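Residues in the sequence shown are numbered from -12 upward in steps of one, following this note's numbering. A quick write-up on the structure given underneath.
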Amino acid sequence: MKVIDKVDNYHDNAPTVLTIGTFDGVHIGHTKIIQRLVADAHSKGYKSCLLTFFPHPRAVLQRDLSIKLLTTMDEKTKRLESLGLDALVIHPFSREFSRLTAREYVEQILVEKLHVKKIVVGYDHRFGRNREADINELRYFSQLFDFEVEEIGPQDIDDVAVSSTKIRTALTEGVVDKANQYLGYTYGVKGMVQKGKGIGREIGFPTANLHEIHPTKLIPADGAYMVSTQYRGTLLKGIMNIGKNPTVGGKGLNLEVHFLDFDSELYNERLTIHFHKRIRSEKKFNSLEALKNQLELDKSSAISFFKDAMLT
């Protein structure tokens, strides 16, 4: 898959089957669209192309600099590549770009720059200045500029249409298993292991402390979770606490993971921690002994969970 940093740098003149969007999380609904696009492009002898934007349009238009996302651009790129796309165009999103009318956007970007012959989009796709246009306008432009349009309906789970917003909500509520179901894979947070205060080791629960997490990455709700990671070809299972460590007077958000049956040093290792299920919310305990007793219960819950879970 070729990765192009803006539409002006896309120089392939072959006709394309195209989809457009932010694709945060690359969830099962996104995957359905892309698989359809790739198969269609292959059957027609066209190039499969995805147009996305950076930064996230909300960060530009609403000046929402605190927005948290399911995937960093690097994570998104890797997931999209695994789906067999020929080209990924990451166009800089700006206020100037957002002022293009629907027609200007279709004619100048999609037709003239990306040579679109078919567009595959989701059921809720909108485009143009102030998101003024929808699938009906897109079909109108398709007749004007000679390309096809295919609309893919919502991907439902338990009668709920999957969306990036619903997944973000599930994670902020700590319902990581539901988020994973919507994503089609296990949600993960990547960071660097750094040395902590050593309190966990004092009570028999040494932890790896995760730092240097991407600033836009969404971290699940505070609490204890069953987690796993791949480390040098080995699957490590554990329990992670997210929170401020109120029992020991902690400040700021901490992500600490205790791995089961593993006690080697992991300092300066970069790990991706995958979240499987929440055990409980964060609690403040009256003593370290009370904290230790709770961690024993958490560990027991995790051992039972991983005994039955099919992890890879």
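Ideal Cβ placement from N, Cα and C applies to all residues, glycine included. Treat the numbers as computed from the prediction; the structure is a model and nothing was measured.
Continuous alpha helix (DSSP H) stretch holding residue i: start and end
i, result
"residue 130", "122 to 132"
"residue 64", "60 to 69"
"residue 189", "186 to 189"
"residue -9", "Segment -11 to -9 is the beta strand (DSSP E) holding residue -9; no alpha helix (DSSP H) there."
"residue 154", "151 to 159"
"residue 181", "First-last for residue 181: 175 to 181, but that is the beta strand (DSSP E), not the alpha helix (DSSP H)."
"residue 31", "15 to 31"
"residue 223", "Residue 223 -> not in any alpha helix (DSSP H); beta strand (DSSP E) instead, spanning 221 to 230."
Buried versus exposed, by CB contacts within 10 Å (16 or more), residue i
i, result
"residue 213", "buried"
"residue 285", "buried"
"residue 287", "exposed"
"residue 11", "buried"
"residue 28", "buried"
"residue -7", "exposed"
"residue 254", "exposed"
"residue 296", "exposed"
"residue 298", "exposed"
"residue 163", "buried"
"residue 14", "buried"
"residue 187", "buried"
"residue 265", "buried"
"residue 65", "exposed"
"residue 196", "buried"
"residue 220", "exposed"
"residue 268", "exposed"
Residues of its chain near residue i, where Cβ-Cβ distance is below 6 Å and the 5 sequence neighbours each way are ignored
i, result
"residue 184", "none"
"residue 2", "33, 102 and 104"
"residue 225", "214, 244, 245, 246 and 247"
"residue 166", "154, 157, 158 and 174"
"residue 45", "51 and 54"
"residue 371", "Here the chain covers residues -12 to 299 and nothing more, so residue 371 does not appear."
"residue 181", "196 and 198"
Boundaries (first-last residue) of the beta strand (DSSP E) holding residue i
i, result
"residue 196", "195 to 198"
"residue 241", "241 to 246"
"residue 109", "103 to 109"
"residue 217", "210 to 218"
"residue 165", "Counting along the chain, residue 165 falls outside any beta strand (DSSP E), though it belongs to the alpha helix (DSSP H) covering 163 to 170."
Residues of its chain near residue i, where Cβ-Cβ distance is below 8 Å and the 5 sequence neighbours each way are ignored
i, result
"residue 205", "55, 56, 57, 155, 158 and 159"
"residue 153", "147 and 169"
"residue 108", "6, 7, 8, 20, 122, 125, 136, 137, 138 and 139"
"residue 23", "107, 137 and 139"
Spatially closest choice to residue i from the options, by CA coordinates
i, options, result
"residue 49", "175, 81, 297 and 293", "81"
"residue 8", "79, 51 and 144", "79"
"residue 201", "24, 211, 194 and 179", "179"
"residue 75", "47, 253, 51 and 25", "25"
"residue 113", "89, 136 and 130", "89"
"residue 130", "150, 116, 106 and 144", "106"
"residue 258", "228, 210, 175 and 291", "175"
"residue 208", "216, 194 and 241", "241"
"residue 217", "262, 198, 126 and 17", "262"
"residue 53", "291, 267, 203 and 249", "203"
"residue 275", "94, 191, 171 and 289", "191"
"residue 72", "37, 117, 270 and 63", "37"
"residue 198", "91, 272, 229 and 98", "229"
"residue 77", "-11, 69 and 270", "-11"
Contact set for residue i: own chain, Cβ-Cβ below 7 Å, skip 5 residues either direction
i, result
"residue 96", "-6"
"residue 120", "89, 113 and 114"
Proximity test, Cβ basis, 8 Å: residue i and chain B
i, result
"residue 40", "Given the protein chain composition of this structure (a single chain), no chain B is represented."
Query raised in the report: Which runs of the beta strand (DSSP E) spanning at least 3 residues fall entirely within the region 251 to 288, listed in chain order?
Result: 257 to 267
Query raised in the report: Taking only runs of the alpha helix (DSSP H) that begin and end inside the region 69 to 103, which ones reach a length of at least 4 residues, in chain order?
Result: 82 to 85
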